[in-house]
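Protein chains in written order, with our numbering: chain A, 645 to 783; chain B, 65 to 194.
In what follows, a single structure is set out as structure tokens and then discussed.
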Amino acid sequence: MTGLFNLPVASEYEQTKDIQELLDSYRKLNRFINDNWNSLPEEEKRELIHFYYKVVNQEISFLEKARTGISVLFFIVKYGFQPFFEYVSIIRDTLNTISAKIEQENENYQKDLQKSLSQDFEVIGNIDEFIRKLDSSTK
Amino acid sequence: MNSSENWTVLQSKYFERTVVNLIKNSYRKNPKGKKKFLELLKSILMELTNNPYCKNSYPEPSPKNMLKEDEELRKYYFLLPDLKGAVAQGRIIYKINKKEKSVYLLMAYTHKQYEKRPPDDLIRKADNQF
């Protein structure tokens, strides 16, 4: 958890692990959360949920922002932009995984999803017209 | 613009209602934000027309016995313009039928509608670990 939130610069990874190994470990963590959510201890799930809302709602202190900013700078200087973009993408995927699990555990979500699957469907055809229709029906 | 070029996109009254509710709840007093959202929605629909397996979409588990053999569910993740937090975390759920090469739009919502926050004491406890 700490490693997810704080970029792994100036840590034990710096000298001992290759950046791709590090990125792979985060990918594995994302897959692990996705595949094992139901069997995770409640406390760990709550911490992951808290981590998600902390990031999404930007409930981050000045100290955390400063620390992250410095870490990003060192990370880019040490490894370059491409690994940084990959890192951001993995974090985004992990946040999406956690949010999907939260939504799937909500009874109302399951009810609404079932309802949405039981509808009659029609071809949209012209997307511009569909957008204009939405515009006029929300005025 | 015709959506039949690659994948055929279909929608239901239910999907349309979820989009209308999303717009009304998110942009009641922000017409510029609404305009940006509609432009974004248009680009998402065009993207799904070209490739429903695009990079912002992920597999989504389906309720039991609700899909046919050639069907699967996916969820598209996007950020609502001019908003922050859980209300800005937009989702569109859709069903793909590979045999028909069709995309069925099921519902649109924000994470806020199905959020779950831990109790405050657990938030404080977790904060101490960050």
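Glycine included, each C-beta is placed from N, C-alpha and C at the ideal position.
DSSP three-state assignment for residue i, whether helix, strand or coil
i, result
"Phe75(B)", "Contrary to the premise, residue 75(B) reads as Gln rather than Phe in this sequence. Of the three classes helix, strand and coil, the one that applies to Gln75(B) here is strand, per DSSP."
"Thr646(A)", "Interpretation of Thr646(A) is limited by its pLDDT of 48, a score under 50 that renders its predicted location unreliable; the figure taken from the coordinates is listed afterwards. Three-state DSSP puts Thr646(A) in a helix."
"Met130(B)", "coil"
"Phe142(B)", "strand"
"Pro116(B)", "coil"
"Thr782(A)", "coil"
"Leu102(B)", "helix"
"Glu135(B)", "strand"
"Pro125(B)", "coil"
"Asn70(B)", "coil"
"Asn89(B)", "helix"
"Asn770(A)", "strand"
Pairwise C-alpha distance: residue j and residue i
i, j, result
"Ala172(B)", "Ser669(A)", "33 Å"
"Phe706(A)", "Lys139(B)", "34 Å"
"Leu692(A)", "Lys176(B)", "17 Å"
"Ile160(B)", "Ala710(A)", "44 Å"
"Tyr753(A)", "Glu747(A)", "6 Å"
"Phe728(A)", "Lys783(A)", "43 Å"
"Glu622(A)", "Thr174(B)", "Nothing about residue 622(A) can be reported from this structure: the residues present for chain A run from 645 to 783 only."
"Arg736(A)", "Gln75(B)", "28 Å"
"Arg776(A)", "Lys98(B)", "12 Å"
"Asp772(A)", "Pro145(B)", "19 Å"
"Tyr723(A)", "Glu665(A)", "13 Å"
"Asn66(B)", "Leu684(A)", "Note on Asn66(B): pLDDT 43, under 50, position unreliable in the model; the coordinate value appears next. Their Cα atoms are separated by approximately 46 Å."
"Val73(B)", "Phe765(A)", "10 Å"
"Trp71(B)", "Pro95(B)", "31 Å"
"Gln758(A)", "Tyr122(B)", "19 Å"
"Gln763(A)", "Ile704(A)", "42 Å"
Residue-chain proximity (residue i, chain A), Cβ-Cβ < 7 Å
i, result
"Pro116(B)", "no"
"Leu144(B)", "no"
"Ser90(B)", "no"
"Lys96(B)", "no"
"Leu102(B)", "yes"
"Leu205(B)", "As displayed, chain B neither begins before 65 nor continues past 194, which places residue 205(B) out of reach and without an answer."
"Lys180(B)", "yes"
"Lys119(B)", "no"
"Lys93(B)", "no"
Any chain B beta carbon closer than 7 Å to residue i
i, result
"Ile734(A)", "no"
"Glu747(A)", "yes"
"Ser743(A)", "yes"
"Asp779(A)", "yes"
### Query
Which residues, taken in chain order from the region 146-176 of chain B, show a beta carbon closer than 9 Å to some beta carbon of chain A?
Lys148, Gly149, Ala150, Ala152, Gln153, Arg155, Ile157, Lys159, Ser166, Tyr168, Leu169, Leu170, Met171, Tyr173 and His175
### Contained beta strand (DSSP E) runs [length at least 3] in the region 665-694 of chain A, N- to C-terminal order
none
### Query
Listed in chain order, which residues of the region 127-140 of chain B have Cβ atoms closer than 9 Å to some Cβ of chain A?
Pro127, Met130, Leu131, Leu137 and Lys139
### Task
Check distances from the C-beta atoms of the region 68-85 of chain B to those of chain A and list, in chain order, the residues that come in under 8 Å.
Ser68, Thr72, Val73, Leu74, Gln75, Ser76, Lys77, Tyr78, Phe79, Glu80, Thr82, Val83 and Val84
### Task
Just list the beta strand (DSSP E) runs in the region 152-183 of chain B, keeping only unbroken ones of 3 residues or longer that don't cross its boundaries, in chain order.
153-161 and 166-174
### chain B contacts from the region 697-716 of chain A (Cβ-Cβ distance under 8 Å)
Tyr697, Lys698, Val700, Asn701, Gln702 and Glu708
### Message
Runs of 4 residues minimum, wholly inside the region 699-749 of chain A: which ones carry the alpha helix (DSSP H) assignment?
### Response
706-723 and 725-748
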